[in-house]
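J.: Would you mind keeping the following structure in view while I ask a few things?
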DNA sequence: CTTTATTCCCAAAGCGCTTTGGAAAATTAT
DNA sequence: ATAATTTTCCAAAGCGCTTTGGGAATAAAG
């Protein structure tokens, strides 16, 4: 079966391709009557404009790109996958698509390709770290982008981020007020921006109460249950063990639960545990035993919002509307309790 | 900075666009000398043909599509993610891209869009189930596809699959020879084709030795550690419990290990456990304690091979070269042992 | 009834590439 | 020397769409 083209449809309707195109694209200079006729015929014949022809004509691809270096496969990280799920769910409600590109030669080469080939309108950046070369490169290439997260110079580009400072500030402060002094953190990898901000939030909350943050109570690692377990064992087996653990992910907290349990510590009594909850289905905070105190902000929502922002950016929204900071609220559950000296 | 076009490059070289295009595309009717000159200039100026223009001209998009219904998000399944990682890793070595599309209205609507818009050369199907409507639809649409897995009428389309019959036949047979009679299976969801074939392999291995397969020893479910745990508890707590468990995934086996351990059963002695090993990094069979006996065939390799096949298919390889069946070898480790009545 | 707006439609010119079908120049054959 | 090839290049015609810049009706205003 021959694919239906604009011209064929036009011939069929005894109209010019111009008019059919304009009718379908909602221009006002076509009568309602013809527009109806055109739309009906288009539906009947299952006509869809050829994507590539349209892209060539408009210079827009309606594609959102996502690149990653294949060695550090983000697909292996449930946090990232959850984000991507939100992104693609939202994008699929629109006429945009998502292009995935992995490369052994790093993202830089992909962006360069994207930019030169024009196969993508915008790229989404995630897992930003402190020395974010990608942003510089994308600016040079003139390839629009949106960042999930922020770097230091975030004022000049669109982003969506959560207030990571407060993500650790809030639970730490709460724990201090519950009487805890020895509060350790299980954080994400230290090159990641969010991890830095979270650590700062933790330090600030402690210092406010006159507690000097102990650097030996800081752990940075991949956010998996396994690592959470290992690091928690380390921390909790010391003689001067922390009485509370603030984790960057519910996965880390899962590991912490296991370690605490093995060491015979009662969670919420002998040891208080909190985490940031990204809404991973594999590690739901409320179903843990005991239920886990968290700051919550789901990655799925973030993915969806990034999709919104991306599309609005492509359609020309001003920068000011494309910089969003979400707050994560503290949800108290029984995994945290008063210090029992 | 203005994007470099073919025409600009041609002007710069005092050649016609035709010649430049043909030089870059390896046609033989351009002298080696000019070809060199063209290639050098193209590199210098970072010229890449505009993807959309090329697509329009050639009618090929160089894009491999992947669709999924957004409610049943395959990204949540580590098995699928591992497959996708392999796929994208391989694809990224070529000039192809991967388009991801999620839809609430099911894959059907996506394929229809893909076909009508011409945004994709081929789609990859995975998680095929018995009543595979997608295949019928794609044939009708004339949209090329390749299947990871098979259905019953697999002779007419390209696929890559592993011999799932033997995936369960081999370990079951081995277990029977070790003296086991009561062998239960923890299989994938029953609507999935691979689960069916595996079950048949299990049944055959039992019947060959005169053991009638017990239907109450069959469990079908999502392949997660949690489900593996629950189902194993169920099975092992019965009075007439199975003495061996054959699992469809190392994740299920992880759950089985936990259940067995909790019930005080020594793995490899009181209870033998085997699994199919998809090569998930989260659940490595050799690192389990005791090391897990498996049939192994990694999903990452499958993803890479599907990428190869997809591209060869697009480039016109005959069907006969595009139907591949892999065997999964049995790797014996100490999680399985002789029946100790 | 003319003039000025409005409404509705379309011819033609691209978008940036590939491909077809020669043509000119350089080689080889006669 | 001319004729027959071979080599090397290019003009022009698309691919299927959007957009520009009118033009022919029709309606409103003078």
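Residue numbers (my numbering), protein chains in the order written: chain A, 1348 to 1688; chain B, 1348 to 1688.
We put the beta carbon where it would ideally sit given N, CA and C, even for glycine.
Remember, predicted model here, so these are calculated numbers, not experimental data.
If we define contact as Cβ-Cβ less than 8 Å, is residue 1649 (chain B) a contact residue for chain A?
T.: Translated into the one-based positions of the second chain, residue 1649 (chain B) becomes position 302. By this cut-off, residue 1649 (chain B) is not an interface position.
J.: With a Cβ-Cβ cutoff of 8 Å, do residue 1485 (chain A) and residue 1650 (chain A) count as a contact?
T.: Reading the first chain from its first residue, position 138 is the one you call residue 1485 (chain A). Reading the first chain from its first residue, position 303 is the one you call residue 1650 (chain A). No, the Cβ-Cβ distance between residue 1485 (chain A) and residue 1650 (chain A) is not below 8 Å.
J.: Taking CB distances under 8 Å as the criterion, tell me whether residue 1445 (chain A) reaches chain B.
T.: Against the first chain, residue 1445 (chain A) aligns to sequence position 98. Chain B contact via Cβ: present.
J.: Determine, using beta carbons only, whether residue 1370 (chain A) comes closer than 8 Å to chain B.
T.: In the first chain, the residue the question calls residue 1370 (chain A) occupies position 23. So no, residue 1370 (chain A) is outside the interface.
J.: Identify the continuous beta strand (DSSP E) that holds residue 1399 (chain B) and give its terminal residues.
T.: Taking the first residue of the second chain as 1, we reach residue 1399 (chain B) at position 52. Careful: residue 1399 (chain B) lies outside any beta strand (DSSP E), inside the alpha helix (DSSP H) at 1398 to 1405.
J.: Return no unless some Cβ of chain A is closer than 8 Å to the Cβ of residue 1449 (chain B).
T.: As a working note, residue 1449 (chain B) is residue 102 in the second chain. Interface residue, yes.
J.: Drop a sphere of 10 angstroms on the beta-carbon of residue 1549 (chain A), count the other beta-carbons inside from all chains shown, and report buried for 16 or more, exposed for fewer.
T.: Counting from one through the first chain, the residue named residue 1549 (chain A) turns up at place 202. Per the 10 Å Cβ criterion, buried.
J.: Secondary structure at residue 1676 (chain A), three-state DSSP: helix, strand or coil?
T.: Within the first chain, the letter at position 329 stands for residue 1676 (chain A). Strand at residue 1676 (chain A).
J.: If distances are taken between C-alpha atoms only, which option among B:1529, B:1495, B:1680 comes closest to residue 1427 (chain B)?
T.: Residue numbering aside, residue 1427 (chain B) sits at position 80 when the second chain is read from its first letter. Nearest C-alpha to residue 1427 (chain B): B:1495.
J.: Which word fits residue 1623 (chain A), buried or exposed, when buried means at least 16 other C-beta atoms lie within 10 angstroms of its C-beta?
T.: Sequence index remark: in the first chain, residue 1623 (chain A) carries index 276 (1-based). It counts as buried.
J.: Less than 8 Å between the C-beta atoms of residue 1399 (chain B) and residue 1409 (chain A), yes or no?
T.: On the second chain, position 52 is the one that residue 1399 (chain B) refers to. On the first chain, position 62 is the one that residue 1409 (chain A) refers to. It is not a contact, given that the beta carbons lie outside the stated cut-off.
J.: In this structure, what does DSSP give as the bridge partners for residue 1640 (chain B)?
T.: Within the second chain, the letter at position 293 stands for residue 1640 (chain B). Paired residues: B:1621.
J.: Using DSSP with H/G/I as helix, E/B as strand and the rest coil, what is residue 1560 (chain A)?
T.: Here residue 1560 (chain A) corresponds to residue number 213 of the first chain, with the count starting at 1. It is coil, neither helix nor strand.
J.: What residues of chain A sit near residue 1694 (chain B), judged by a beta carbon separation below 7 Å?
T.: As shown, chain B starts at 1348 and ends at 1688. That puts residue 1694 (chain B) outside it, with no answer to give.
J.: Is residue 1647 (chain A) closer than 8 Å to residue 1675 (chain A) when the C-beta atoms are compared?
T.: Here residue 1675 (chain A) refers to the residue found at position 328 of the first chain. Here residue 1647 (chain A) refers to the residue found at position 300 of the first chain. No. Outside cutoff.
J.: Output, in sequence order along the chain, the residues in the region 1425 to 1436 of chain A whose CB is closer than 7 Å to any CB in chain B.
T.: Those residues of the region 1425 to 1436 of chain A that come within reach of chain B (Cβ to Cβ, closer than 7 Å) are 1428, 1431, 1432, 1435, 1436.
J.: Hey, out of A:1632, A:1639, A:1533, whose CA is closest to residue 1616 (chain A)'s CA?
T.: The sequence position of residue 1616 (chain A) within the first chain is 269, counting from 1. Cα-wise, what sits closest to residue 1616 (chain A) is A:1639.
J.: What did DSSP end up calling residue 1522 (chain A) once you bin it into helix, strand or coil?
T.: Indexing the first chain from 1 puts residue 1522 (chain A) at position 175. Residue state, collapsed to three classes: helix.
J.: Along the region 1395 to 1407 of chain B, what residues have a CB closer than 8 Å to any CB found in chain A?
T.: Taking 8 Å as the Cβ-Cβ cut-off against chain A, the residues of the region 1395 to 1407 of chain B that qualify are 1395, 1396, 1397, 1398, 1399, 1400, 1402, 1403.
J.: If we call anything under 8 Å between Cβ atoms a contact, is residue 1471 (chain A) one with residue 1653 (chain A)?
T.: In the first chain, residue 1471 (chain A) corresponds to position 124, counting from 1. In the first chain, residue 1653 (chain A) corresponds to position 306, counting from 1. Yes, Cβ-Cβ distance for residue 1471 (chain A) and residue 1653 (chain A) is below 8 Å.
J.: Under the assumption that residue 1506 (chain A) contacts residue 1547 (chain A) (Cβ atoms under 8 Å), give the Cβ distance between them as a whole number of angstroms.
T.: The sequence position of residue 1506 (chain A) within the first chain is 159, counting from 1. The sequence position of residue 1547 (chain A) within the first chain is 200, counting from 1. No, residue 1506 (chain A) and residue 1547 (chain A) are not in contact; Cβ-Cβ is about 18 Å, not under 8 Å.
J.: So residue 1392 (chain B) and residue 1422 (chain B) are in contact, right, with Cβ under 8 Å, and what is the actual spacing, rounded?
T.: Here the question's residue 1392 (chain B) lines up with position 45 in the second chain. Here the question's residue 1422 (chain B) lines up with position 75 in the second chain. Residue 1392 (chain B) to residue 1422 (chain B), Cβ: 39 Å. No contact.
J.: Are residue 1535 (chain B) and residue 1570 (chain B) close, meaning C-beta to C-beta below 8 Å?
T.: The residue labelled residue 1535 (chain B) in the question sits at position 188 within the second chain. The residue labelled residue 1570 (chain B) in the question sits at position 223 within the second chain. Cβ distance < 8 Å, so residue 1535 (chain B) and residue 1570 (chain B) count as in contact.
J.: For residue 1688 (chain A), count the other beta carbons within 10 Å of its own beta carbon; 16 or more makes it buried, fewer makes it exposed. Which is it?
T.: As a first step, residue 1688 (chain A) must be located in the first chain, where it is residue number 341. It is exposed - the Cβ of residue 1688 (chain A) has fewer than 16 other Cβ atoms within 10 Å.
J.: State the DSSP-derived secondary structure class of residue 1412 (chain B), mapped to helix, strand or coil.
T.: Here residue 1412 (chain B) is taken as the residue at index 65 of the second chain, counted from 1. If DSSP states are grouped into helix, strand and coil, residue 1412 (chain B) belongs with the strands.
J.: Look at the alpha carbon of residue 1440 (chain A) and the alpha carbon of residue 1416 (chain B), and state the distance between them as a whole number of angstroms.
T.: Your numbering for residue 1440 (chain A) matches position 93 in the first chain. Your numbering for residue 1416 (chain B) matches position 69 in the second chain. Approximately 12 Å, taken between the alpha carbons.
J.: Does residue 1589 (chain A) get closer than 8 Å to chain B when you measure Cβ to Cβ?
T.: Translated into the one-based positions of the first chain, residue 1589 (chain A) becomes position 242. No, no contact with chain B.
J.: By Cβ distance below 8 Å, which residues in the same chain neighbour residue 1597 (chain B) in space, the five residues on each side in sequence not counted?
T.: As a working note, residue 1597 (chain B) is residue 250 in the second chain. These residues qualify, in order along the chain: 1622, 1623, 1624, 1625, 1627, 1630, 1631, 1632, 1635, 1639, 1641.
J.: Just the C-alpha distance for residue 1469 (chain A) and residue 1453 (chain B), rounded to the nearest angstrom, thanks.
T.: As a position in the first chain, residue 1469 (chain A) is number 122, starting the count at 1. As a position in the second chain, residue 1453 (chain B) is number 106, starting the count at 1. For residue 1469 (chain A) and residue 1453 (chain B), the distance between alpha carbons rounds to 26 Å.
J.: For residue 1460 (chain B), go through chain A and note every residue whose CB falls closer than 7 Å to its CB, in chain order.
T.: Indexing the second chain from 1 puts residue 1460 (chain B) at position 113. Within chain A, the residues near residue 1460 (chain B) are 1395.
J.: Could you confirm whether any beta carbon from chain A is found closer than 8 Å to the beta carbon of residue 1387 (chain B)?
T.: As a position in the second chain, residue 1387 (chain B) is number 40, starting the count at 1. Taking Cβ atoms only, chain A never reaches closer than 8 Å to residue 1387 (chain B), which makes this a no.
J.: Starting from the beta carbon of residue 1420 (chain A), find every residue of chain B whose beta carbon is closer than 7 Å, and list them in chain order.
T.: Taking the first chain and counting its residues from 1, the one referred to as residue 1420 (chain A) is at position 73. Those are 1432, listed as they occur along chain B.
J.: Just the Cα atoms here: how many angstroms apart are residue 1352 (chain B) and residue 1397 (chain B)?
T.: Here residue 1352 (chain B) is taken as the residue at index 5 of the second chain, counted from 1. Here residue 1397 (chain B) is taken as the residue at index 50 of the second chain, counted from 1. The alpha-carbon atoms of residue 1352 (chain B) and residue 1397 (chain B) are separated by roughly 8 Å.
J.: Let me confirm a value: residue 1406 (chain A) is counted as buried when at least 16 other C-beta atoms fall within 10 Å, else exposed. Which label applies?
T.: As a first step, residue 1406 (chain A) must be located in the first chain, where it is residue number 59. So residue 1406 (chain A) counts as exposed.
J.: What residue does the beta strand (DSSP E) around residue 1603 (chain A) start on, and which one ends it?
T.: Taking the first chain and counting its residues from 1, the one referred to as residue 1603 (chain A) is at position 256. No beta strand (DSSP E) contains residue 1603 (chain A), which is instead part of the alpha helix (DSSP H) from 1597 to 1609.
J.: Flag this pair as yes or no: are the beta carbons of residue 1530 (chain A) and residue 1522 (chain A) separated by less than 8 Å?
T.: Within the first chain, the letter at position 183 stands for residue 1530 (chain A). Within the first chain, the letter at position 175 stands for residue 1522 (chain A). Yes; because the gap between Cβ atoms is below 8 Å, this pair is in contact.
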